[in-house]
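Q: Going by our numbering, the first residue of the sequence shown is number 1, and it counts up by one from there.
Quick one: this structure, given as structure tokens, is what I'll be asking you about.
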Amino acid sequence: MITNAETWLQAERLFHAALELDPAGRSGFLDSACLGDGELRRSVETLLRGHESAGDDFMSPPEVTVPEPAIPPGIGKYRVVRLIASGGMGSVYEALQDSPARTVAIKVVRTPWASAPELHRFTQEAQILARLNHPGIAKVFEAGVFQSGTASLPFIALEYIGDATPITTFAAALSIPAKLQLFAQVCDAIHHGHQRGVIHRDLKPQNILVRPDGHPIVIDFGIARLIEAPSNTRHTVTGQFIGTLSYTSPEQAEGDPDLLDIRADVYSLGAVLYELVCGRPPIEVDGMNLFEAVQRIRSIVPPTPRSLAPEVDRDLETIILTALAKDRSRRYSSVASLVDDLHRYGRHEPISARPATAAYHARMFIRRHRTLATGAAIAAAGLALGTAGAMWQADTARDERDRARLAELRAINESDAAKRVAACLESSIAALDPAGITPEASRAIMLSTSANVIDRELTAQPITKARLLRHLATAYANLGLPDRAKSLFQGALHNFDRAGIEPSALVGLRAQLATACMETADFEEAERQARLILAVESSPATAEARTSAGTTIARMLRAKGEHEQAKQAAQSAVAESLQYGYHRMAARFAFGEALEAAGNLVESRKQFEAAVAESSSLLERVEAGFALSRFDRRHGRNDAANAAFAAALADWKVITRIPTSHGAALSRRLALDSLTDASWDAAAVFLADAIQQTSDVYSPTHPDVGLLSMRLGEALQMLNRPAEAASAYRAAVTALRRSVGDEHPDVGAALFHLARLAVSTADSETLDFVRRESAPLVKTAQTLPTDHPHRSGLLLLQGFLEMHTGDPLAAEAPLRECIAIRQRTVGPDHRITAYAQTVLGECLARQGRFEEAEARLVMYVPRVEAKYIPGSFMSAESRQRLVQMYLAWGRPDQAEAARR
């Protein structure tokens, strides 16, 4: 048996030398070369046999054919259902226990081939696991012996973990905070074992399973050893390796059991955490023989986490690398110490693994007081706290494209302006009382103070001012406030332009601005920014922004009916995405949509299929799968649509088990797509999840909670569930009032939806409620600029309420003003203009002016139906106005014709 790394090296040298000899001469050579070392000789002979059986693939282990174990009908009092796995030291079966009734996992030593050491380790596992009683560790129910033929075989009955997945699979789509929260639960279980004298020794993702409810379970303590056991009994045979190399500490890989203590598990946990955050193990050893793998683990330094995952900050990277230190004296001394640092990190407190400098403590103070991460405040305060370099490195990929900005940040690091910014922001932050101020108020103070201080104090440093405005704009965008983000992105762009920064260095900022413009319906400016991006030459530095811009242009051209140009723009975006790897799914979607609009359904579907096949994450696969399902549904391929939907839905359920910002955004996008396709059932499910996740991840008073509740009301209304729809609309009113204020136009929009529902269900009580609650908003409309889009919406609400509470004459003036504003701002053919025209048509009919009402409704009802989702309540409501007008006019035949 090969015992340790030194013997491996010696055995491999002799193996290569023996290969040069004829087989007949190898025995004599080994007699002299091994000098009576029987273990060394057996190791060389094993390698030679492996070489002969595997041809040139001598690095692979020699194959040993072991018969599959016969499945026993029963083991002790357990009825065997099936063989789960066979390998290592035994076999694992799924079995049933009658009393108490439950499914268990039975681990049995592989009978005729089990060595005495394996039998000993098996018994040891039972002794160890019997000591452990923790919800995060698979339970041991019983250990015993059963007869199989003439052999007495030991077995252990364990908790059956049948519906769980490895932690790295479960957590693939989670945010970093959610991953850390999950990982901390695992650490708690391991620490429980350590306190009871148990080292796991084979911690890896496959031995850390997570149930669908997000509860992790650590399994397979079969190779653990007792810490307090005497030295002559506590370890496996010297040099024998037990563990999984990618997650194994250097001292464990060397095979010396005397070097092992609980810090070996700290290393393995660090390796698991590294993979959770970076998407790969710290050191990859697949395909290597044991000697090569051990040498690699001992000598290779893994890539830094931030080089693989830019979202990882310096503190988290330090925690991971401290756990992975090759010298165990430099690691965390225990799992408890590791978890303590993770908790400090989560609370924005200084971690123990970092030097406790004054600047570091100051940064942590500021982070603890930024109630909802704003980023810009920290960046500005960091200028006077010695953190400009760290802030710059957080954006390395982007900032290296503009070295002028780096030079200026360094130059002004100690400037009076930077110190004034830091002092102003620090005093504002320190003034916040976390116990006495709401998150919303704290956020408002932090963001507004940051913007004002930056604008006032950094006039003479345009590049620094631009950078900080960009950080602040990104914070607003992340908080779901695109209007404010848009103006700050524009301010950042203006200052960069003023400083003469090259256009190629600004494409990323322009892409962010274009996204904010799209989210605020400023499509003209979004298109302008996208075209400016595409005017910059393609390169690795500009590819991400160019791909995003290309998809934006393609979708805008498709919306205008310019299908050929849309196809060309999307095809270029796909080519760039394939070359550089950015936004592949979005580019595929844009190309597929353009081809679909042009009538090329075969090629269009290929793009959606490619989006699924090329998905680089579970998140992308879900979105692509639902997009493919919607495509098939639109074109009558219901079986294919159902299959794609079911597969995507299963993945979506995995992603949304634990609330995350990614999960909330995904459910929101899926909901809006479902609304667009009139898939009301799916929309209701996704909207409900998006509301819950947004509340959990951000706050129940986040603006998106109210807006999503409003859309949920629409979906429920279309599903003919009026009571639930009314509840959703009322929840939207409440949430929006808390997030944007009583007199914000979004509150008016929610009240308008509730009023329309009340009219359709003849609920006069709710209609009176809406009228009372709308009074302040009607006054607000008069204070807004003449052509402000919110003014037109509030005027529509005013006219609708006047019309349905008995005064159609009073309703006419605000409705006509609403239409005039919309004709000037979005055009006479826009769908919201056409919808307002149908409301005015109803108003005229209620006044008895049927000829005018008929002319208006006959013209605009078809326009509404053409521009809104087929079957939507806007279309149905507009059609009903035409029918009701004819009935009120005494023309039932025309009313019946209008129904069809």
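Beta carbons: idealized from backbone N, C-alpha and C, even for Gly.
Fair warning: this is a prediction, and the values are worked out from it, not measured in the lab.
Spell out the partners DSSP gives T103 in its beta bridges.
A: DSSP lists L96 as partners of T103.
Q: Classify S91 as helix, strand or coil using the three-state DSSP reduction.
A: Looking at S91 - three-state DSSP - the assignment turns out to be strand.
Q: Do Q717 and F496 have their C-beta atoms closer together than 8 angstroms?
A: No, these two residues do not count as a Cβ contact at 8 angstroms.
Q: Reducing DSSP to helix, strand and coil, say where T165 ends up.
A: Reduced to three states, the DSSP call for T165 is strand.
Q: Counting only the same chain and skipping the five closest in sequence on each side, list residues whose C-beta sits under 6 angstroms from that of D746.
A: Around D746: L736 and V740.
Q: Thinking C-alpha only, which one of D704, F589 and E525 is nearest A688?
A: Measuring from the Cα of A688, the nearest candidate turns out to be D704.
Q: Give me the Cα-Cα distance between M885 and L754, rounded to the nearest whole angstrom.
A: Near 23 angstroms, if we compare the C-alpha coordinates of L754 and M885.
Q: Since E251 sits in a beta bridge, which residues does DSSP pair it with?
A: Answer is none; E251 lacks a bridge partner.
Q: Just checking my contact of S246 with I190 at CB under 8 angstroms: how many whole Å lie between their CB atoms?
A: 18 angstroms between Cβ atoms; not a contact.
Q: Under a three-way DSSP split, which group does E400 fall into?
A: Caution is warranted here: a pLDDT of 38 is assigned to E400, below 50, making its placement in the model unreliable, and the coordinate value is therefore given only provisionally. DSSP places E400 in coil when its eight states are reduced to three.
Q: Using only the alpha-carbon positions, how far apart do G561 and Q568 sit?
A: The alpha-carbon atoms of G561 and Q568 are separated by roughly 13 angstroms.
Q: Grab the span of the beta strand (DSSP E) containing P862 for me, first residue to last.
A: Segment F850 to K867 is the alpha helix (DSSP H) holding P862; no beta strand (DSSP E) there.
Q: Assuming contact is defined by CB atoms lying nearer than 8 angstroms, are K351 and I320 in contact in what I supplied?
A: The question names Lys, yet the displayed sequence has Ile at residue 351. Not a contact, by the Cβ cut-off of 8 angstroms.
Q: Which term fits K653, buried or exposed, when burial requires 16 or more other beta carbons within 10 angstroms of its beta carbon?
A: That one is exposed.
Q: Can you look up E159 in the DSSP assignment and give me helix, strand or coil?
A: Strand.
Q: If you measure between the beta carbons of I463 and A505, is that distance less than 8 angstroms?
A: Their beta carbons are not under 8 angstroms apart, which means I463 does not touch A505 by this criterion.
Q: Within its chain, find whatever has a CB closer than 6 angstroms to the CB of A594; leave out the 5 residues flanking it on each side and keep chain order.
A: Excluding sequence neighbours, A594 sits near A554, R558, A566, K567 and A570.
Q: Looking only at its chain, what residues have a beta carbon closer than 7 angstroms to the beta carbon of R79, apart from the 5 residues adjacent to it on each side?
A: Result list for R79: A95 and L96, in chain order.
Q: Taking I297 as the reference, which of D286, R306 and L795 has the closest Cα?
A: When only C-alpha atoms are compared, the closest one is D286.
Q: Measuring only the C-alpha atoms, how far is A171 from R791?
A: C-alpha separation (whole angstroms): 45 angstroms.
Q: Locate the alpha helix (DSSP H) running through I691, then write down its first and last residues.
A: Here the alpha helix (DSSP H) through I691 covers W680 to V697.
Q: For the structure I just gave you, are there three or more beta carbon pairs, one from the region 654-667 and one from the region 630-646, closer than 8 angstroms?
A: The region 654-667 is not in contact with the region 630-646.
Q: Are T805 and L844 touching if we call contact CB-CB under 8 angstroms?
A: Their beta carbons are not under 8 angstroms apart, which means T805 does not touch L844 by this criterion.
Q: Tell me whether D265 is buried or exposed, calling it buried when 16 or more other Cβ atoms sit within 10 Å of its Cβ.
A: Its Cβ being crowded by 16 or more others within 10 Å, D265 is buried.
Q: Can the beta-carbon of G793 be found less than 8 angstroms from the beta-carbon of A750?
A: Not closer than 8 angstroms, so no.
Q: Does the beta-carbon distance from A627 to F608 come in below 8 angstroms?
A: Yes; because the gap between Cβ atoms is below 8 angstroms, this pair is in contact.
Q: What residues in its chain sit with their C-beta under 8 angstroms from that of R657, if we drop five residues either side in the sequence?
A: Only F170, P212, D213 and G214 meet the Cβ criterion.
Q: Could you work out which residue in K465, D893, V697 and L672 is closest to F686 when comparing CA atoms only?
A: Cα-wise, what sits closest to F686 is L672.
Q: Secondary structure at E842, three-state DSSP: helix, strand or coil?
A: It is helical.
Q: With a cut-off of 8 angstroms on the beta carbons, I'd call R331 and A323 a contact; round off their distance for me.
A: The pair is a contact, with the Cβ atoms about 6 angstroms apart (cut-off 8 angstroms).
Q: Can you give the Cα-Cα distance for A914 and F141, rounded to whole angstroms?
A: Residue 914 cannot be examined here, being either before or after the span of the chain that is shown, 1 to 900.
Q: Pick out the complete alpha helix (DSSP H) segments inside the region 725-810, 4 residues or longer, and give them in chain order.
A: Those alpha helix (DSSP H) runs which fall completely within the region 725-810 and span 4+ residues are 745-760, 764-781 and 789-804.
Q: Just to confirm, are L796 and C818 a CB contact at a threshold of 8 angstroms?
A: Cβ atoms of L796 and C818: closer than 8 angstroms.
Q: According to DSSP, is I84 part of a helix, a strand, or is it coil?
A: Strand, per DSSP.
Q: What residues match up with I217 in a beta bridge as DSSP calls it?
A: BP columns for I217 point to L209.
Q: For the alpha helix (DSSP H) containing Y582, list its first residue and its last residue.
A: Y582 -> no alpha helix (DSSP H), and no H or E assigned at all.
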